[in-house]
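Single-structure report; data block below.
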Amino acid sequence: MKVSLEWLNEYVDLSGLSVEEISHALTMVGFEVEGISQAGLAQLEHVVVGEITSFDKHPNADRLSVCEVDVGTGELQTIVCGAKNFRAKDRVIAALPGSVLPGNFKIKKSKLRGVVSNGMLCSERELGIGDDHAGIAILEARPAIGTPVNELYPEPDSVFDIEITPNRPDALSHIGIARELAAWFKRDLRYPELQVNPSEAKEGKLVETLESVEPELCPHYRGYNLRGVAVGDSPEWLKRRLTAIGLRPINNVVDATNYILHETGQPLHAFDVSKIRGSKIIVRSANAGEKLVTLDDKERVLKPENLVIADADRALVVAGVMGSVDAEVDDNTQDIFLEAAWFNPVSVRRTSKQLGLSTDSSYRFERGVDPKGAEYAALRCLDLIIKLAGGELLGPELVAGEPPLTEREVELSPDWVREQLGFEISDDEMEASLSRLELDVSKSEDDDDKVVFRVGIPSYRLDLYRPIDLVEEVVRMFGSDRIPEGTVKATVTLREDDAVPVYQRRATSLLTGKGFQETVHYSLRDEKEMTRWNGEAPSDDLSLANPLASDASHLRTSIIPALLDCLKLNAARHNEACRLFECGRVFREFEGTVYEVFSVGFVITQEGKASWKEGNKPDYYTSTRIVTDLLEEAGILVNSWQIEPVEGEAAWQSGHAAKTGALESGYGARFGLLDIGMTREWDIESPVLAGEVVFLPEYLQKPRNRANYKPFSLFPPAIRDLALVVPESTPAGKVEEVLRSVTVKQLTEGLILESVEVFDIYAGKGLPEGHKSIACKLIFRNLERTLTDKEVNMVFQSIQSDLDDREDMSVRR
């Protein structure tokens, strides 16, 4: 936000302070000064008032004139000029050789198409005092010839470009900033006095009725009728101030509304009464597909969630955002209706984003304007319009609704403040700091006879509602540079972390231990990508109404597509990144409801290296073991879930992927080989293994079986491989389950079955038709001694004998 120093001096006396001191003060009270610039006429040497005594057409150029100019030196100066808006005897501004205009434009004696020119006749833009470049500046006041141009214009104004944090909408005005500076420098704050009094207005109405049918979106609306205004140019002082902060002067009525907006922070709007149909103003929601042309000459198509200000027939204003050309004030306007209102910030923000239209008004309404500021700003604007354009105020004013109640009182203990700050500050200084910010401070005593402040919060300070907020105010006024050095004094509260970040840390530790690298991606994805991944278009409930980019239009349903993007990018950069994972939020729809769920996803390329524990190239069973481990980290034991094959899902390769759990049960997982055709759409030729485990956040909050420490054995294991012939439809999980149950029955004392791992599946020559072979690794161990081959072989033979007796599988020999 740009703030004019000249303008600030209207409300607080900043005399005797340098620009640097004011900039430092703004920084100390919490507003970063991003830059300081000069507005107005800079100090110029050799630029003076001249009079054109005569001029002739340039002999060698049709569009140039050769002027004889009196600049007060006693000798006429020949100056070549390209403008056409002057006459003989006009007083103009002449830049003579040796002068340097804004933009480091150096003026020197030069020959233009064969004629020597001793300088240049200047336009407002060339002097840096306006935007007019259609011709040279003509001085209607006819100052004395030879007068230095700097004597004609005020001193340059310093303009601060300030970053206002979102929690301080009260500072989005010159009065708001002046209030902060007055408090810091301990100087008086001056509010402009109101001259107009609606109760004394002449009875009569131009707009006769005001109706608000959306009190939730517009709790408070007020309007004033002003008859007989004379629309014209604004005076120079007003133009100068608006131009200084980057606004373009339009006419005295519109400029007055803009001036009051930047003075008070309250947006206003002026209507041409003659263009309001039915003498009625209605605050309502837009009709579906309703159109209006806003003041930037663009047609806007509205939706029912957009609030508008309308007359009897049509919408005239997008409420809180921008007016339309249908009721704008122009040179023919004679009567105006002035609007001041408080619009719901959420409604204005939604409309602004949907239309892609951000204005000074919407910027303030979105953050929250003073609910009680509408009346003061409107009366202040009426004062200014009557001063600039004349007119007669008619009454009574039209009002719909009441301002939202925002005043509140916060109880504050000075002892508690000192405890939070960690250093000593007196009660009096504390009280003075808060009072300088126009907070209403009163003292009382609690039950222990200790002083307590009762602090009344004004309606414009929407950010103050807790005692800790007032501590920040005390520190701001005390000055962070005055805080004494010392050890940190702080109260630390220990608590159990939320279950989701606890699980995330454990899952991260698990996967990084398996050689994975972590990634972080945005949770918004492209609609086409999600359609490709899910096999169908994503639900409308997952789409953003106003996406910032076309490839970030929907909430993601899975983490894996982003991991594929990362694989593709790293492959293109010849960077080996074969094991990637990410933890984050995804969004799943179930029975018409969208759930935000916690997800852990991973991908492995089969061309990557196996980890030292796996020994072989990664395969389906690698993803199975990883998912098993992730579920066990959540307290879900392996034998408590059933594996089902994934069939008919676009993302997964049928026959090589599995799933478990379901969202309605609180958790679920899919893992295995990704569909090869789909991964090729990511330009990934190598097969990709993947897995994703999702949890409802509340499911992780439930108590689970916690892993217990088991001492590891110092003695080596005994490993036996066993291949079983089973029907093709038999899942590998079923084989593991049978092997575990059969083996446990044959174990002798001290012998344990540590694990069963599938390491190969074969179908083809040498096997009965419709059958396959599943090879498993059985790992035996004794925790107290080394096993002998004899005892292990006896158990192994018994296992084979039991398996031979089964009808659904047999040992392959």
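End of the sequence shown sits at 844 in the working numbering; the numbers just go up one at a time, nothing left out.
By construction, the Cβ of each residue, glycine as well, lies at the ideal position given by its N, Cα and C atoms.
query: Taking C-alpha atoms, which residue in Y252, F702, E455, D188 lies nearest to T655?; result: F702
query: Using 10 angstroms around the beta-carbon of W268, count the other beta-carbons present and answer buried if the total reaches 16, otherwise exposed.; result: exposed
query: Tell me the rounded alpha-carbon separation between W643 and G61.; result: Bear in mind that a pLDDT of 44 at W643, under 50, signals an unreliable position, so the model cannot answer this.
query: State the DSSP-derived secondary structure class of I291, mapped to helix, strand or coil.; result: helix
query: Look at the Cβ atom of H251, then the Cβ atom of A409, and state whether they are nearer than 9 Å.; result: no
query: Put D582 into one of helix, strand or coil per three-state DSSP.; result: coil
query: Under 8 Å Cβ to Cβ from V131, same chain only, skipping five residues before and after it: list those, please.; result: L75, E76, K137, I138
query: Do you know offhand how far E51's Cα is from V324's?; result: 45 Å
query: Q108 and G259 look like a contact to me (Cβ under 8 Å); what is the Cβ gap, rounded to whole Å?; result: Actually they do not touch by this definition, with Cβ atoms about 49 Å apart.
query: Out of G71, H55, A56, T58, which one is the CA nearest neighbour of S35?; result: G71
query: What do you get for M14, buried or exposed, if any count of 16 or more other CB atoms within 10 angstroms of its CB means buried?; result: Outside the modelled stretch of the chain, which goes from 32 to 844, sits residue 14, for which no answer is possible.
query: If you measure between the beta carbons of D303 and N282, is that distance less than 9 Å?; result: no
query: May I ask which residues mark the beginning and end of the beta strand (DSSP E) holding E440?; result: 439-443
query: When you compare each of R563, W564, L586 to H552 by their alpha carbons, which one comes out closest?; result: L586
query: Just confirm the distance between the C-beta atoms of V757 and H802, as a whole number of angstroms; I'd bet it's less than 8 Å.; result: 7 Å
query: Roughly how many whole angstroms lie between the Cα atoms of E65 and L39?; result: 18 Å
query: Quick test of your reading: V80 and G177, contact by CB under 8 Å. State the CB separation rounded to the nearest angstrom.; result: 6 Å
query: So the beta strand (DSSP E) Q684 belongs to, where does it begin and stop?; result: 683-693
query: Do the CB positions of R210 and L468 come within less than 9 Å of each other?; result: yes
query: Is it buried or exposed, T710, if we count other Cβ atoms within 10 angstroms and call 16 or more buried?; result: buried
query: Curious, which full-length beta strand (DSSP E) runs of at least 3 residues does the region 362-387 contain?; result: 366-373
query: Where do the N-terminal and C-terminal ends of the beta strand (DSSP E) with I124 fall, by residue?; result: 122-126
query: With A14 as the anchor, note down where its alpha helix (DSSP H) starts and where it stops.; result: The first residue shown for the chain is 32 and the last is 844, placing residue 14 beyond what the model contains.
query: Would you kindly work out how many angstroms separate the C-alpha atoms of R843 and I810, rounded to a whole number?; result: 19 Å
query: Measure the beta-carbon distance from E370 to G296 and round it to whole angstroms, keeping in mind my assumption that it falls under 8 Å.; result: Incorrect: roughly 16 Å between the Cβ atoms, too far for contact.
query: If you follow the alpha helix (DSSP H) that A806 is in, where does it begin and where does it stop?; result: Note, A806: premise wrong, no alpha helix (DSSP H); beta strand (DSSP E) at 802-812.
query: So the candidates are G692, A317, D219; which of them puts its Cα closest to the Cα of V348?; result: A317
query: Given this structure, state the Cα-to-Cα distance separating M508 from W215, to the nearest angstrom.; result: 6 Å
query: Would you kindly report the start and end of the unbroken beta strand (DSSP E) that includes F454?; result: First-last for F454: undefined, no H or E at that position.
query: Return yes when the Cβ of S584 is within less than 9 Å of the Cβ of S574, no when it is not.; result: yes
query: Compute the beta-carbon to beta-carbon distance between Q684 and D650, rounded to the nearest angstrom, for a pair I have assumed lies under 8 Å.; result: Q684 to D650, Cβ: 12 Å. No contact.
query: Mind checking who G699 pairs with in its DSSP beta bridge?; result: G692, V725
query: Shorter than 8 Å, the distance from the beta carbon of R258 to the closest heavy atom of the ligand NAP, or not?; result: No copy of the ligand NAP occurs in the structure displayed, which carries no ligand at all.
query: Please determine, among D820, L755, L465, the residue with the shortest C-alpha to C-alpha distance to L831.; result: Note on residue identity: the sequence assigns Gln, not Leu, to residue 831. Selected option, being the one with the closest Cα: L755.
query: Among the residues of its own chain, which have a CB less than 8 Å from the CB of E645, if the five just before and after it don't count?; result: Only weak support exists for where E645 lies, its pLDDT of 49 falling under 50; the coordinates are left without a value.
query: Give me the Cα-Cα distance between A641 and K648, rounded to the nearest whole angstrom.; result: Legend: pLDDT at A641 = 49, less than 50; position of this residue unreliable, no value from coordinates given.
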